[in-house]
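I have placed the structure first, in the form of structure tokens, so that the comments after it can refer back to it.
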Amino acid sequence: MTKTIVCKDVYGNQYTVPVDELNIRVGVYAVIIEGNKILLTRQWDGYSLIGGGVEKGEAIEESIVREVKEETGLTIMPDKIIHQATTFFKRNAEAQANQSIQLYFTHSQLHGQINNDNITDSEKTYTNGTPEWVDLDKIDDINFRHSVSLETIMRAYRKAKIADKRSEGFVALVLKCVILL
0 MTKTIVCKDV
10 YGNQYTVPVD
20 ELNIRVGVYA
30 VIIEGNKILL
40 TRQWDGYSLI
50 GGGVEKGEAI
60 EESIVREVKE
70 ETGLTIMPDK
80 IIHQATTFFK
90 RNAEAQANQS
100 IQLYFTHSQL
110 HGQINNDNIT
120 DSEKTYTNGT
130 PEWVDLDKID
140 DINFRHSVSL
150 ETIMRAYRKA
160 KIADKRSEGF
170 VALVLKCVIL
180 L
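For the sequence shown, numbering that gives the first Met the number 0 gives the first residue as 0, with consecutive numbering after it.
This is the structure in structure tokens:
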């Protein structure tokens, strides 16, 4: 008996696929938050995080920098991975089924002007317009078309920020002790 897995598309449609037909895909996504806004790209009939697949021969950090540049025109310095997930998806009924290993990055630097001048021909089939800063207070009101919920991603983001503050506090305490010695 052939083992199968259920894949979903961005609309939640389900497809049962034999495991040996899955394509392994590594995806990287940027969680870009400035103030009270998150940068999202318009895809299908909603929004998604900026990101995409790692290309052959490309380091993960290179991939997230490239994806952000392609989809937003911005240059980032990736900081840390705050979340990882494995999902099973298809773009539509006829598309290749994917087992996607997804890595979600924060950033330490952000430069440039937002545009979508560098999106690929493939991205043009589902991307609708220039990326937008979306108010975090309004994210519950948007269609979020991504395989991992925005709630899960935001929870990971907040947890990473709390850990950063604790680490900064610990470093400051150690420095005070060193100075006192």
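Glycine is no exception: its CB is placed at the ideal position from the N, C-alpha and C atoms.
| Asked | Found |
| --- | --- |
| Are there 16 or more other CB atoms within 10 angstroms of the CB of T151, so buried, or fewer, so exposed? | exposed |
| Candidates A96, Q83, E131: which alpha carbon is nearest M196's? | Since the first residue shown for the chain is 0 and the last is 180, residue 196 is missing from the structure and cannot be characterised. |
| For T105 versus V25, is the C-beta spacing smaller than 7 angstroms? | no |
| Put M76 into one of helix, strand or coil per three-state DSSP. | strand |
| What is the rounded straight-line gap between the Cα of T67 and the Cα of K89? | The identity of residue 67 in the sequence shown is Val, whereas the question assumes Thr. The straight-line gap from Cα to Cα measures roughly 22 angstroms. |
| For G128, which residues from the same chain have a beta carbon less than 6 angstroms from its beta carbon, with the 5 sequence-adjacent residues on both sides left out? | R41 |
| Since H106 sits in a beta bridge, which residues does DSSP pair it with? | P77 |
| Grouping DSSP H, G and I as helix and E and B as strand, with all else coil, what is F169? | Reliability of the predicted coordinates at F169 is poor, the pLDDT of 48 falling under 50, and no value is obtained from them. |
| Can you tell me where the beta strand (DSSP E) holding S204 begins and where it ends? | The chain is shown only over 0 to 180; residue 204 falls outside these bounds and no answer can be derived. |
| For Y156, which three-state DSSP category applies? | helix |
| Does DSSP put R144 in a helix, a strand or coil? | coil |
| May I ask which residues mark the beginning and end of the beta strand (DSSP E) holding I4? | 3-7 |
| Which residue wins for smallest C-alpha separation from G51, given the options P130, W43, R65, S148? | R65 |
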